[in-house]
Amino acid sequence: MFDKLKKKFSEIFSKQNDNNSVVENDVSSEKQVNEENTGKEGNQRVIKRSEIDNQIMEILLESDVSLDSADLITEKLKERMGKLKRRVDFYSVEDELKNVIKEIISENQNRFDILNPGKKPYIILFLGINGTGKTTTIAKLAYYLKNNGKKVVISASDTFRAGAIEQISILGKNIGVEVIKHDFKSDPASVAFDAIEHARARSLDYVLIDSAGRMQTNKNLLDEMKKIKRVSKPDLTLLVLDAMIGQDVIEQANTFAREINFDGIILTKLDTDSKGGAVISVSTEIKKPILFVGTGQNMDDIMPFDPDWYINKIFSS
Ligand SMILES: Nc1nc2c(ncn2[C@@H]2O[C@H](COP(=O)(O)OP(=O)(O)OP(=O)(O)O)[C@@H](O)[C@H]2O)c(=O)[nH]1
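Numbering (full-length UniProt numbering), first residue to last: 1 to 317.
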């Protein structure tokens, strides 16, 4: 997970830290510290700050961080570094970079606790184009809620794709969560309505509503989603995005946002995301909280998104 980003950051920081190099603002070229009579022992290498900035920018762009996000990171880093001494070690640059990335990925996170939403049944609608892992994610989240002592029902409202009802039914059976379903091609909003009634009658805690999401440009399906939303009046609408598609998640999310409002994001398949930048691009460009991340194909491969966890994954020290 995020191996490439981690490796590249480590190439800048670990190596230089081992070499005992220092970073200096406003030097025009590399030179020896002892030439400047700093009193330090040995031949420390002095490296220009701008050189490091360029390397960081390059790494971010190669790692699927969008240009705007990469600009934001380097600008904020400049600001922070400007407040430090003129000459600092690499650990300081690494620390400031960690702080900057943490700050920007935390900016849209909120303190919402999905386990204590304050309403029953709490209705969550899931959106996302096919293949992002939406159906699997719904089952994973149902499993997560169930393991936390919550009573859950799933609405099989993807009635468009042949096999979707069966897929969610099998997953529901495997995790011991009931799935409310109608026939293939039936009205998805009416399935959601029934699932909500079912939850109310049994005093269940959550209704998780699947939806058909073939293409974000398919008008019929968008109208269908809007209808599910109108009828089910969800307390939370989550867009499921696949981290593997890198920066394209931004366009996908923006296209959805233009049609249908959503409150937060679940980013799936982080385990297959070697580049690692999707988290940063999503956080800075979509401006919605990332509530959960998917980290594998098993039912327990889901976790609430934690910025510190991400920072620890992309930096080796
Ligand atoms: N590696 C990995 N695979 C995942 C993750 N989440 C989902 N998948 C896989 O992604 C594939 C697609 O998942 P689905 O849940 O069928 O996707 P969907 O978005 O519901 O797609 P449709 O049902 O076709 O609309 C499946 O093989 C899942 O096992 C994840 O976090 N990591």
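Note that beta-carbon positions come from the ideal geometry of N, C-alpha and C, so glycine has one too.
Fill in: Below-8 Å beta-carbon distance, Ser-69 vs any chain B residue
Going by chain labels, chain B is absent from the structure shown, which holds only one protein chain.
Discussion item. According to DSSP, Pro-304 sits in a beta bridge with which residue or residues?
Written reply: Taking the sequence shown and counting its residues from 1, one reaches residue 304 at position 304. Under DSSP, Pro-304 shares a beta bridge with Phe-292.
Practice prompt. Closer than 6 Å by C-beta to Glu-178: which residues in its own chain qualify, once you throw out the five before and the five after it? Chain order, please.
Written response: The residue labelled residue 178 in the question sits at position 178 within the sequence shown. Take Glu-178, set aside five residues on each side of it, and the residues of its chain with a beta-carbon closer than 6 Å to its own are Val-153, in chain order.
Item to complete: Just confirm the distance between the C-beta atoms of Ile-59 and Val-93, as a whole number of angstroms; I'd bet it's less than 8 Å.
Response: One-based indexing of the sequence shown puts residue 59 at position 59. One-based indexing of the sequence shown puts residue 93 at position 93. Contact between Ile-59 and Val-93 fails: their C-beta atoms lie close to 13 Å from each other, not under 8 Å.
Practice prompt. Taking Gly-128 and Leu-239 to be in contact with their CB atoms under 8 Å, please state how far apart those CB atoms are, rounded to whole angstroms.
Written response: Your numbering for residue 128 matches position 128 in the sequence shown. Your numbering for residue 239 matches position 239 in the sequence shown. Gly-128 to Leu-239, Cβ: 6 Å. Contact.
Worksheet item: Taking the C-alpha atoms as reference points, what is the distance between Ser-14 and Ile-114?
Response: By 1-based counting over the sequence shown, the position of residue 14 is 14. By 1-based counting over the sequence shown, the position of residue 114 is 114. C-alpha separation (whole angstroms): 38 Å.
Fill in: Touch test, the segment 130-142 against the segment 190-200, Cβ-Cβ under 8 Å, three pairs minimum
no
Worksheet item: Looking at the structure shown, is Thr-159 part of a helix, part of a strand, or coil, going by DSSP?
Response: Translated into the one-based positions of the sequence shown, residue 159 becomes position 159. Three-state result, Thr-159: coil.
Practice prompt. May I have a chain-ordered list of the alpha helix (DSSP H) segments no shorter than 4 residues that lie completely inside the segment 56-140?
Written response: 67-82, 90-106
Item to complete: For the segment 214-280, list the beta strand (DSSP E) runs that are entirely contained and at least 3 residues long, ordered along the chain.
Response: 236-242, 264-268
Practice prompt. Assign Arg-45 to one of three DSSP states: helix, strand, or coil.
Written response: Here residue 45 corresponds to residue number 45 of the sequence shown, with the count starting at 1. In the structure shown, Arg-45 sits in a strand (DSSP, three-state: E or B).
Worksheet item: Hey, would you say Asp-242 sits closer than 8 Å to Thr-268, going by beta carbons?
Response: Here residue 242 refers to the residue found at position 242 when the sequence shown is read from its first residue. Here residue 268 refers to the residue found at position 268 when the sequence shown is read from its first residue. Yes, Cβ-Cβ distance for Asp-242 and Thr-268 is below 8 Å.
Discussion item. Can you give me the C-alpha to C-alpha distance between Leu-145 and Ser-186, rounded to a whole angstrom?
Written reply: The sequence position of residue 145 within the sequence shown is 145, counting from 1. The sequence position of residue 186 within the sequence shown is 186, counting from 1. If you take the alpha carbons of Leu-145 and Ser-186, they lie about 28 Å apart.
Worksheet item: Secondary structure at Asn-37, three-state DSSP: helix, strand or coil?
Response: For the purposes of this step, residue 37 is taken as residue 37 along the sequence shown, with counting starting at 1. At Asn-37, the pLDDT of 42 sits below 50, so the modelled position is not reliable and the matter cannot be decided from this model.
Worksheet item: Would a C-beta distance cut-off of 8 Å place Ile-302 and Thr-137 closer than the cut-off?
Response: As a first step, residue 302 must be located in the sequence shown, where it is residue number 302. As a first step, residue 137 must be located in the sequence shown, where it is residue number 137. Going by C-beta atoms, Ile-302 is nearer than 8 Å to Thr-137.
Discussion item. Is Ala-164 near ligand 1 - that is, is its Cβ less than 7 Å away from at least one heavy atom of it?
Written reply: By one-based count along the sequence shown, residue 164 stands at place 164. Yes, since a heavy atom of ligand 1 falls inside the 7 Å radius drawn around the Cβ of Ala-164.
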